[in-house]
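**Q** Please read through the structure below; I'll follow up with questions.
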Ligand code: SF4
Ligand code: SF4
């Protein structure tokens, strides 16, 4: 593998510029749920997909002209942030209701712990700063991120005017 940045092909000819160390591995750690303790950006396609599965009146909120899955107070001690809140869809058992019941989740949830931005017309992929600090799944397995980019980067990212993921509620 070359040193970053380098180009990699994902999804049949769709390219990204990889900015992270290709030796990086990732496996989500049971019971962590840190990345589900926040609001989640929804692209327009995500909103339509979510509406096809759930009522969106309660879970979806708007901020700065964008749609997000909102956070809500959970009334429990586990799987919550310091203020006791987490993503609307994060259940008491630490599982995502959307993933578990519909085998689907918003694109932004698949991308974490990566981060996507556009530079010179190319999609660039790096590791989110917050993941270095909080994600327990980095470098704990044999599963190299660079070999599994299609699992992190849904095809819909290439169809968007702005696939930037680091937009917070
Ligand atoms: S929608 Fe599901 S995967 Fe995404 S942050 Fe919420 S609980 Fe986590
Ligand atoms: S922060 Fe990392 S290890 Fe924790 S739930 Fe999210 S992806 Fe998994």
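In my numbering, the protein residues as written are 20 to 188.
Cβ atoms here follow ideal geometry from the backbone N, Cα and C, with glycine treated the same way.
Would you give the residue range spanned by the beta strand (DSSP E) that residue 30 belongs to?
**A** Where residue 30 is concerned, there is no enclosing beta strand (DSSP E), given that its DSSP letter is neither H nor E.
**Q** Tell me which same chain residues have a C-beta within less than 6 Å of the C-beta of residue 174, skipping the five on either side of it?
**A** Closer than 6 Å at Cβ, skipping near neighbours: 30.
**Q** Quick one: Cα of residue 127 to Cα of residue 60, how far?
**A** So the alpha carbons of these two residues sit roughly 6 Å apart.
**Q** What separation, rounded to the nearest whole angstrom, lies between the Cα atoms of residue 83 and residue 21?
**A** Rounded to the nearest angstrom, the two C-alpha atoms are 39 Å apart.
**Q** Could you check if residue 18 is buried or exposed, using at least 16 other CB atoms within 10 Å of its CB as the buried criterion?
**A** Any answer about residue 18 is impossible in this case: the structure gives the chain only from 20 up to 188.
**Q** Check whether the stretch 74-89 and the stretch 157-165 are in contact - that is, three or more C-beta pairs closer than 8 Å.
**A** No, the stretch 74-89 does not touch the stretch 157-165.
**Q** According to DSSP, residue 47 sits in a beta bridge with which residue or residues?
**A** According to DSSP, which records beta bridges pairwise, residue 47 is partnered with nothing at all.
**Q** Please classify residue 45 as buried or exposed, where buried requires at least 16 neighbouring CB atoms within 10 angstroms.
**A** By the 10 Å Cβ count, residue 45 comes out buried.
**Q** Going by C-alpha distance, which of 168, 68 and 151 is nearest residue 41?
**A** Selected option, being the one with the closest Cα: 168.
**Q** Where residue 34 and residue 186 are concerned, what is the direct C-alpha to C-alpha distance, given to the nearest angstrom?
**A** About 22 Å.
**Q** Using CA coordinates, which residue listed in 131, 39, 86 and 165 is at the minimum distance from residue 63?
**A** If we check each option's Cα against that of residue 63, 86 comes out closest.
**Q** To which residues does DSSP link residue 143 through a beta bridge?
**A** Its beta-bridge partners are 36 and 136.
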